[in-house]
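Chemist:
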Amino acid sequence: MILLMLPALVIAPLSCAPGKSRNSALESPPEQTYHDNPGFRLAMLFREYISAVDGDRCPSIPTCSAYSAEVFRRFGFFKGWIMTVDRLIHEADEGDYSPLVYRDGKIKILDPPESNDIW
Amino acid sequence: MKTASLLISVTVFLIFSALNLTASAAPGSGQLTISAPEQYHYAVQLMNSRKYAQAAIELERLLHFFPGHNLSDRARLLLGICFIEENDMEKARDVFAEAAVETDKNSATALAALLTGETYFRQGLLADAIHWFNYSRETTESIELQDAAQYRLGWAMLREGRWPEASRAFASISPGTLLYSNAGELSKRSLEGLDLPSKDPMTAGILAALIPGLGHAYATRYRDAMVAFLLNGLFIWAALESFDEGHNALGAILGILELGWYTGNIYSAANVASKYNTRMQNEFRSSFKDSFDALKLPPLKGGIGFSLSFRF
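So the protein sequences, as listed, match chains A and B. FYI, our numbering numbers position 41 of the first sequence as 1323, with every residue one higher than the one before it. FYI, our numbering numbers position 15 of the second sequence as 18, with every residue one higher than the one before it.
Here is the structure:
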């Protein structure tokens, strides 16, 4: 049964692994001062150790892990968590709603935190 | 006598030749004299060719070498427009602020305020844009500028989805002016915004709280609905199974994680409902024609023998 849980835990974050390129301003790593935020640390751990191996499969800009780190940094743990979940859930249909941009040789969905801030 | 007249002729010829040589030597000697109107004209030509970065350099050159010239007001306003076109709104605002301070013409001050509003409008900062459009409208004596500011106010309200207010703003444009025909059309069509299909974010949130994914389905995002339903369903099921089998710690962890998915699902439903409304409004507005043209407004329009022909 626990094995059945793993896909749910893993599928959504993995579907948003960041690309190899770290040049984009949108994907710039957040400031060091936010490293104490547990959500931010989790997002950065995922970014550094899982997605670095998994590769660029995220359809969005910024990638979900970069997005997550950013919302934890800007909104704190509770709101950051909710906005991260929102990003993971709403990604499938987002291409019909947000602008598409050409980045790193691929067409990506531009979906920054500002587009999802309804607090 | 013949020798004397020959000498005079040769002397006159030599003098004129020397004068001609001096005159034609100027370009070759690396010196060039350019007047302020020539410099301005060149900058305008570059703007007509949509080379805004180059035009900005030429306009800055004009302002540097001819600081007190009567083309300075226009040059500053055009420089700001170049920065707008280059998407450098901060610089544009700085230039318009300087233009408002340096000029003694009411029309230049009002147009600088109007274009400052335009920078905010283009950035989507509509409250600031409305402030500057109002300021421009209230401070100018020019009917054309008042109408242009009113027209821009209408557009800002359209962007905010304030359909009746937008309609009223467009309806108050003076008859017979350049914007009147287009404003009349916009005034009528703005009210159609009231009938646009929309989704209530509150309803979406409540539906998502009842059944995860239902809020997304309400906002016509069916794949998102499926993701939300499956994620929440799996976590709830797994947590319950864990408790049933006596794995209470695991059940508690899964329950806490599920709480995150569940709360995020509600927030996400409200968010996608808002996005649905935004998309409907954007599609509706995209069919509207925007006739705002700062270059047809005083003090930029006409009067110097050459004019800009590009659409701002």
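Glycine residues also receive a C-beta, built at the ideal position from the N, C-alpha and C atoms.
Return no unless some Cβ of chain A is closer than 8 Å to the Cβ of R64/B.
Modeler: The residue you call residue 64/B lines up with position 61 of the second sequence. Answer no: the Cβ-Cβ gap between R64/B and chain A never drops below 8 Å.
Chemist: Could you tell me which chain B residues have their CB closer than 7 Å to the CB of I1364/A, listed as they occur along the chain?
Modeler: Counting from 1 along the first sequence, the entry for residue 1364/A is found at position 82. Near I1364/A (Cβ distances below 7 Å), the residues of chain B are T266, G267 and Y270.
Chemist: Y1384/A CB to nearest chain B CB: under 8 Å?
Modeler: Counting from 1 along the first sequence, the entry for residue 1384/A is found at position 102. No, no contact with chain B.
Chemist: Helix, strand or coil for S1342/A per DSSP?
Modeler: Here residue 1342/A refers to the residue found at position 60 of the first sequence. Strand.
Chemist: Where does K191/B fall in DSSP's three states?
Modeler: Reading the second sequence from its first residue, position 188 is the one you call residue 191/B. In this structure, K191/B counts as helix in the three-state DSSP scheme.
Chemist: Listing by chain order, which chain A residues have their CB less than 7 Å from the CB of S277/B?
Modeler: As a working note, residue 277/B is residue 274 in the second sequence. Near S277/B (Cβ distances below 7 Å), the residues of chain A are I1400.
Chemist: From A1334/A, D1368/A, Y1379/A and V1383/A, pick the residue whose C-alpha is nearest to that of G216/B; which is it?
Modeler: One-based indexing of the second sequence puts residue 216/B at position 213. It is D1368/A whose Cα lies nearest to the Cα of G216/B.
Chemist: Just to confirm, are E144/B and N185/B a CB contact at a threshold of 8 Å?
Modeler: Along the second sequence, one-based indexing puts residue 144/B at 141. Along the second sequence, one-based indexing puts residue 185/B at 182. In this structure, N185/B does not lie closer than 8 Å to E144/B by Cβ.
Chemist: Check the C-beta distance from Y154/B over to I133/B and give it rounded, since I have them as a contact under 8 Å.
Modeler: Counting from one through the second sequence, the residue named residue 154/B turns up at place 151. Counting from one through the second sequence, the residue named residue 133/B turns up at place 130. Their Cβ separation, rounded to whole angstroms, is 13 Å, which puts Y154/B and I133/B out of contact at 8 Å.
Chemist: So the candidates are I84/B, G258/B and V230/B; which of them puts its Cα closest to the Cα of R96/B?
Modeler: Working through the second sequence from its first residue, we reach residue 96/B at position 93. Ranking I84/B, G258/B and V230/B by Cα distance to R96/B puts I84/B first.
Chemist: DSSP three-state call for S1303/A: helix, strand or coil?
Modeler: Taking the first sequence and counting its residues from 1, the one referred to as residue 1303/A is at position 21. Annotation note: pLDDT 41 at S1303/A (below 50); position unreliable, coordinate value reported separately. Three-state DSSP puts S1303/A in coil, outside helix and strand.
Chemist: Just how far apart, CA to CA, sit T223/B and L197/B?
Modeler: Position 220 of the second sequence, counting from 1, holds the residue named residue 223/B. Position 194 of the second sequence, counting from 1, holds the residue named residue 197/B. One C-alpha to the other measures close to 20 Å.
Chemist: For the beta strand (DSSP E) containing L1327/A, list its first residue and its last residue.
Modeler: By 1-based counting over the first sequence, the position of residue 1327/A is 45. It is not in any beta strand (DSSP E) - L1327/A instead sits in the alpha helix (DSSP H) that spans P1320 to L1327.
Chemist: Rounded C-beta distance between A159/B and L194/B? I'm assuming under 8 Å.
Modeler: For the purposes of this step, residue 159/B is taken as residue 156 along the second sequence, with counting starting at 1. For the purposes of this step, residue 194/B is taken as residue 191 along the second sequence, with counting starting at 1. The pair is not a contact, with the Cβ atoms about 17 Å apart (cut-off 8 Å).
Chemist: Please state the DSSP three-state secondary structure of R1356/A.
Modeler: Taking the first residue of the first sequence as 1, we reach residue 1356/A at position 74. Looking at R1356/A - three-state DSSP - the assignment turns out to be helix.
Chemist: Taking P1341/A as the reference, give the member of I1400/A, R1385/A, D1399/A and P1395/A with the closest Cα.
Modeler: Within the first sequence, residue 1341/A is the residue found at index 59, counting from 1. Of the listed residues, the one whose Cα sits closest to P1341/A is R1385/A.
Chemist: Taking just the CA atoms, how far does L189/B sit from M50/B?
Modeler: Counted from its first residue, the second sequence places residue 50/B at position 47. Counted from its first residue, the second sequence places residue 189/B at position 186. Cα to Cα, M50/B sits roughly 29 Å from L189/B.
Chemist: Residues of the region 217-233 of chain B in Cβ contact with chain C at a cutoff of 7 Å, in chain order, please.
Modeler: As a matter of chain content, chain C is missing from the structure shown, whose protein chains are A and B.
Chemist: How about N280/B and K202/B: do their beta carbons lie closer than 8 Å?
Modeler: As a working mapping, residue 280/B is identified with position 277 in the second sequence. As a working mapping, residue 202/B is identified with position 199 in the second sequence. Their beta carbons are under 8 Å apart, which means N280/B touches K202/B by this criterion.
Chemist: If I measure Cβ to Cβ from T1366/A and keep anything under 8 Å in the same chain, skipping five residues before and after, which residues do I get?
Modeler: Here residue 1366/A refers to the residue found at position 84 when the first sequence is read from its first residue. Excluding positions up to five away in sequence, the list reads G1321, A1325, C1346, Y1349, S1350, V1353 and F1354.
Chemist: Please report how far the alpha carbon of E89/B lies from the alpha carbon of W1363/A, in whole angstroms.
Modeler: Looking up residue 89/B in the second sequence gives position 86. Looking up residue 1363/A in the first sequence gives position 81. Each residue's alpha carbon lies about 37 Å from the other.
Chemist: Using beta carbons (cut-off 8 Å, strictly below), is D1338/A in contact with chain B?
Modeler: Here residue 1338/A is taken as the residue at index 56 of the first sequence, counted from 1. Taking Cβ atoms only, chain B never reaches closer than 8 Å to D1338/A, which makes this a no.
Chemist: For G263/B, go through chain A and note every residue whose CB falls closer than 9 Å to its CB, in chain order.
Modeler: Counted from its first residue, the second sequence places residue 263/B at position 260. Ordered by position in chain A, the residues that pass the 9 Å Cβ test against G263/B are W1363, I1364, T1366 and V1367.
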